[in-house]
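Q:
Chains as they are written, first to last, in the numbering used here: chain Z, 1 to 230; chain Y, 231 to 960.
1) Using a Cβ-Cβ cutoff of less than 8 Å, which residues in the same chain neighbour residue 115/Z once the five nearest sequence positions on both sides are dropped?
2) Considering residue 355/Y, what are the terminal residues of the alpha helix (DSSP H) in which it resides?
3) Skipping 5 residues on each side, what residues in its chain have a beta carbon closer than 6 Å to that of residue 498/Y?
4) Just confirm the distance between the C-beta atoms of residue 473/Y and residue 541/Y, as a whole number of angstroms; I'd bet it's less than 8 Å.
5) Might you give, ordered along the chain, the residues of its own chain that have their beta carbon closer than 7 Å to the beta carbon of residue 586/Y, omitting 5 neighbours on each side?
6) By the 10 Å Cβ neighbour count, where 16 or more other Cβ atoms means buried, how is residue 628/Y classified, buried or exposed?
7) Indicate the three-state DSSP secondary structure (helix, strand or coil) for residue 140/Z in the structure shown.
8) Judging by CA-CA distance, which residue of 404/Y, 523/Y and 507/Y is the nearest neighbour of residue 555/Y?
9) With 8 Å set as the bound, which would you pick, yes or no: does the beta-carbon of residue 26/Z sit closer than that to a beta-carbon of chain Y?
10) Report yes if the CB atom of residue 847/Y is closer than 8 Å to the CB atom of residue 693/Y, and no otherwise.
11) Drop a sphere of 10 angstroms on the beta-carbon of residue 597/Y, count the other beta-carbons inside from all chains shown, and report buried for 16 or more, exposed for fewer.
12) With residue 710/Y as the anchor, note down where its beta strand (DSSP E) starts and where it stops.
13) Look at the alpha carbon of residue 934/Y and the alpha carbon of residue 855/Y, and state the distance between them as a whole number of angstroms.
14) Bridge partners for residue 254/Y per DSSP, in chain order?
15) Residue 116/Z lies in the beta strand (DSSP E); which residues open and close that run?
16) Less than 7 Å separating the Cβ of residue 56/Z from some heavy atom of the ligand SAH?
17) Would you list the residues sitting across from residue 751/Y in a DSSP beta bridge?
18) Put residue 430/Y into one of helix, strand or coil per three-state DSSP.
19) I'd like to check one pair, residue 762/Y with residue 688/Y: are the Cβ atoms closer than 8 Å?
20) According to DSSP, is residue 56/Z part of a helix, a strand, or is it coil?
21) Counting only Cβ-Cβ distances shorter than 8 Å, please list the residues of the region 109 to 123 of chain Z near chain Y, keeping chain order.
22) DSSP state of residue 458/Y, grouped into three classes?
23) Taking its Cβ as the centre, do 16 or more other Cβ atoms sit within 10 Å of residue 21/Z, making it buried, or is it exposed?
24) For the region 585 to 652 of chain Y, which segments carrying the alpha helix (DSSP H) assignment without a break, of at least 4 residues, lie completely within its bounds, in sequence order?
25) By alpha-carbon positions, which one of 902/Y, 653/Y, 483/Y and 529/Y ends up nearest to residue 343/Y?
26) Start and end of the beta strand (DSSP E) containing residue 305/Y?
27) Can you tell me where the beta strand (DSSP E) holding residue 383/Y begins and where it ends?
28) What are the boundary residues of the beta strand (DSSP E) that includes residue 560/Y?
29) So residue 636/Y contacts chain Z; which residues on that side make the cut at Cβ distance below 8 Å?
30) Please report how far the alpha carbon of residue 56/Z lies from the alpha carbon of residue 641/Y, in whole angstroms.
31) Suppose you measure from the CA of residue 860/Y to the CA of residue 782/Y; what does that come to, to the nearest Å?
32) Rank 71/Z, 96/Z and 163/Z by C-alpha distance to the C-alpha of residue 45/Z and give the top, closest one.
33) Counting along the chain, where does the alpha helix (DSSP H) carrying residue 822/Y start and finish?
34) Just to confirm, are residue 271/Y and residue 724/Y a CB contact at a threshold of 8 Å?
35) Just grab the DSSP bridge partners of residue 310/Y for me.
36) Could you name the residues of chain Z that residue 657/Y contacts, counting a contact when the two beta carbons are closer than 8 Å?
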């Protein structure tokens, strides 16, 4: 069981993902440079956060053309797990592997803060160990995390069970105050129609140790590990 | 350039210098690069110590952390550019200090800032503050280095001259420090990073002159930052250093190619030939003058081992960065610049560096503020609750979260203590240790008495580190002052340095790097003298640390204080008086450095020994604000306190909000009271029992039991959290 962490020029949560997977979860992990064309035998692809290509033009808009994205696309088409975190989520939406788009935060400011997420679906490999309704604490750190989709697309996401995480208060209620970036329908994370590709703005790798303020993020990696082992 | 400098330049060249040469002299001899007014004073700082691996004079200082690990750090100002163009000015300030640190071979792990803006109601303040904060965020967040702490203060003396100081720390192997030296005859001089344009020409000169009403016309001298390019440069440089092909490396900062080449040759006692035709450029028909003085960002100059140019080229190609061999090291001690087949400059390196003009400017101390404590003009209130709420709601004392929430303060997953505490704490992965970092300065104290103000800045920085349990190791500084040509400013500068140096010696904190920023004035009015201290400390066991928030109901509250002084002496409630009536005056807090050291040592002992559960030093707003912050430290689980002021003379408001130095508020589990008392006795530190953590309100009584204030934490929190709304919006 191996994870691949993809490294674009400008990725900067690559080492944090590597650390959480290797030293906290205890699973195998390797980096894959964006100029590569294969994931080198990985079972799970992780597209980490950061500012790929400086987020110039639009977050994720340039990274989607990197050679490695062909390999990610193949991996996804085979139904294998792909996790996009923050900038990784933005890249996956730009690449068309996930629905919707991420706009600038409603405040037009970068926000780094703890948020609470309500799990809405256990169908992805990363949430199989998490009951719907459970509340997880994780940080966000982004300037463009305001999830947007048209009302028809939203209805489709709801109907297909593609909404995986929503921003909520510590008690699990979705409120305007808990939705720091102004996302449509409080959406923090979505999956593709098949359920094997998950993207979310919050950072599970930063919430994987008690010293960092929360261990809730660990459950996403552990869940993927358990799914792969079964 | 002055006529005196021009004739000195003629002497050095033994002929009339040409335009390019005059440009080089002018850049190297301006205040920003030459430290000509400050050098004789800076020599007073203690710079040596058993842990110091690299002192001042390099791109950054380096201190040993034990176990083969070291930390490189430095602080720098970007005041003038930030006033002219706040976003880019602040962003490129971050870019520059990051390069100073990774040039040493260190991976940057943390940024801190120290910001001074004008009065909150000044019409430019929200625009400047908003721009500076987003500029720091824009650069630091993108490059993936967390901004973990800092300080922000608003005062009208900065209305037309804000201060933007940024500190960076990075970790490296103690035996793999890189330096900015150009040694080894015939070794290639290599240019890496972004191509050169016409941006920032004369930036260093701008930073060395006062502002007038035409300041904003200088906007074209501010550079534009590219944090993405710098991220690539950082990764490529660190990879190259690991290979061992690098002899020396230096950032092209102020005065670009000129200062980097001259300083590298100067340190090694060598010379250099630069061939400008090889310099990557992004504009056409650039003259040698422009190429030598451009301050385009994200560029480095390095000297590699001869024959290993290929390795350098290969690594930079992989990171898609330009690389060019632009010259070589010579033994003749001259900086020679070639362009289109001819020599366009030929200058002695020493004249540009070590032998640059040195000024001993005249000093004449002047008192800037009245010597009477203005608290006497204020009526005494019976209920001090409204005063506490007003202090908490003031932008200077309020919660700075609207600022640090814009900074990614968690990336790299090392941040144990987020911004808002006494000091930031970062774990050092692969060890049990943690690094503590803080920036501190109090311009008002320096305006009242620069010598005492200098001492107090160093003492407070060390106290902040001690409040986490960390042992202070070493410091850097940013000395922000007015026009050095005015004797009163030079007197402030000299006295502040003497005070700082005195505290450095007493507290065992050598100065390993630093920066001077003069000419912080507008239309002839100087800012308050604002030396800012950036200090680094070490916690051997990250698990034994303390924060400032009260933890448990029933924990006892004590005030650690110098044994020979009253726990809370009267007077010196500067920030309280300022917030209530806008007056300033009197004396800065008195300080005994021996007692200060003892108080700090006891605090660290208590945290490491597990009998102190939280610690917070008294600073602006005194015990009143220290209590408020300790109650509200964790807004989700706030905890009140019931306090009775210790016996003493003077008015109650002056004592509650007095800014006495060397005092730390600690909370202690009831079962540990005996251990604290024994330790205090042994250490010769005064200990005043003042109350306990309890309830959901902050209640303070006079020594005789008369209630002074009783404020619900919900109200206190609302005031404190909304303090910056006026500046940053809600």
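Glycine included, C-beta positions come from ideal geometry on N, C-alpha and C.
A: Answer, in terms of the structure:
1) Sequence index remark: in the first chain, residue 115/Z carries index 115 (1-based). Exclusion of the five residues before and after residue 115/Z leaves 137, 138, 139, 140, 167, 178, 180, 188 and 202 as the residues of its chain whose Cβ lies within less than 8 Å of its Cβ.
2) One-based indexing of the second chain puts residue 355/Y at position 125. Here the alpha helix (DSSP H) through residue 355/Y covers 355 to 373.
3) In the second chain, counting from the first residue as 1, residue 498/Y sits at position 268. Cβ neighbours of residue 498/Y beyond the five flanking positions: 411, 412 and 413.
4) On the second chain, position 243 is the one that residue 473/Y refers to. On the second chain, position 311 is the one that residue 541/Y refers to. Yes, they are in contact, since the Cβ atoms of residue 473/Y and residue 541/Y sit about 6 Å apart, within 8 Å.
5) One-based indexing of the second chain puts residue 586/Y at position 356. Taken in chain order, the residues that qualify are 258, 259, 264 and 266.
6) Here the question's residue 628/Y lines up with position 398 in the second chain. Buried: at least 16 other Cβ atoms inside 10 Å.
7) Your numbering for residue 140/Z matches position 140 in the first chain. Residue 140/Z falls in the strand class under three-state DSSP.
8) In the second chain, counting from the first residue as 1, residue 555/Y sits at position 325. For residue 555/Y, the nearest C-alpha among the options comes from 507/Y.
9) As a working note, residue 26/Z is residue 26 in the first chain. By this cut-off, residue 26/Z is not an interface position.
10) By one-based count along the second chain, residue 847/Y stands at place 617. By one-based count along the second chain, residue 693/Y stands at place 463. Their beta carbons are under 8 Å apart, which means residue 847/Y touches residue 693/Y by this criterion.
11) On the second chain, residue 597/Y is found 367 positions in, with the first residue counted as 1. The residue in question, residue 597/Y, is exposed, as its Cβ has fewer than 16 Cβ neighbours within 10 Å.
12) Here residue 710/Y refers to the residue found at position 480 of the second chain. Per DSSP, the unbroken beta strand (DSSP E) holding residue 710/Y starts and ends at 701 to 710.
13) Taking the second chain and counting its residues from 1, one reaches residue 934/Y at position 704. Taking the second chain and counting its residues from 1, one reaches residue 855/Y at position 625. Approximately 22 Å, taken between the alpha carbons.
14) Indexing the second chain from 1 puts residue 254/Y at position 24. Per the DSSP secondary-structure output, residue 254/Y pairs with nothing in a beta bridge.
15) The residue labelled residue 116/Z in the question sits at position 116 within the first chain. Run containing residue 116/Z: 111 to 119, per the beta strand (DSSP E) assignment.
16) Absence of the ligand SAH is noted for the structure shown, with no ligands found whatsoever.
17) The residue you call residue 751/Y lines up with position 521 of the second chain. BP columns for residue 751/Y point to 756/Y.
18) For the purposes of this step, residue 430/Y is taken as the residue at position 200 of the second chain. Residue 430/Y falls in the coil class under three-state DSSP.
19) Position 458 of the second chain, counted from the start, is the residue given in the question as residue 688/Y. Position 532 of the second chain, counted from the start, is the residue given in the question as residue 762/Y. For residue 688/Y and residue 762/Y, no; Cβs fall outside 8 Å.
20) Start at 1 with the first residue of the first chain, and residue 56/Z comes out as number 56. Assigned with DSSP and collapsed to three states, residue 56/Z falls in coil, not helix or strand.
21) Per Cβ criterion, the list reads 109, 110, 111, 112 and 113.
22) Counted from its first residue, the second chain places residue 458/Y at position 228. The three-state secondary structure of residue 458/Y, taken from DSSP, is helix.
23) Counting from one through the first chain, the residue named residue 21/Z turns up at place 21. Buried, by the Cβ-count rule.
24) Secondary structure within the region 585 to 652 of chain Y: the alpha helix (DSSP H) runs of 4 or more consecutive residues, fully enclosed, are 615 to 622 and 631 to 634 (chain order).
25) Start at 1 with the first residue of the second chain, and residue 343/Y comes out as number 113. For residue 343/Y, the nearest C-alpha among the options comes from 653/Y.
26) Translated into the one-based positions of the second chain, residue 305/Y becomes position 75. Taken as a continuous stretch (DSSP letters only), the beta strand (DSSP E) holding residue 305/Y covers 299 to 307.
27) Along the second chain, one-based indexing puts residue 383/Y at 153. Taken as a continuous stretch (DSSP letters only), the beta strand (DSSP E) holding residue 383/Y covers 377 to 384.
28) Here residue 560/Y refers to the residue found at position 330 when the second chain is read from its first residue. Here the beta strand (DSSP E) through residue 560/Y covers 553 to 560.
29) By one-based count along the second chain, residue 636/Y stands at place 406. Correct list: 109, 110, 111 and 112.
30) Here residue 56/Z refers to the residue found at position 56 when the first chain is read from its first residue. Here residue 641/Y refers to the residue found at position 411 when the second chain is read from its first residue. So the two alpha carbons sit approximately 20 Å from each other.
31) Start at 1 with the first residue of the second chain, and residue 860/Y comes out as number 630. Start at 1 with the first residue of the second chain, and residue 782/Y comes out as number 552. The straight-line gap from Cα to Cα measures roughly 12 Å.
32) In the first chain, counting from the first residue as 1, residue 45/Z sits at position 45. Nearest C-alpha to residue 45/Z among 71/Z, 96/Z and 163/Z: 71/Z.
33) One-based indexing of the second chain puts residue 822/Y at position 592. Unbroken run through residue 822/Y: none, as it is neither H nor E.
34) The residue given as residue 271/Y occupies position 41 in the second chain. The residue given as residue 724/Y occupies position 494 in the second chain. In contact: residue 271/Y and residue 724/Y (Cβ atoms closer than 8 Å).
35) Translated into positions along the second chain, residue 310/Y becomes position 80. Note: residue 310/Y sits in no beta bridge, so no partner.
36) Position 427 of the second chain, counting from 1, holds the residue named residue 657/Y. Chain Z residues near residue 657/Y: 211.
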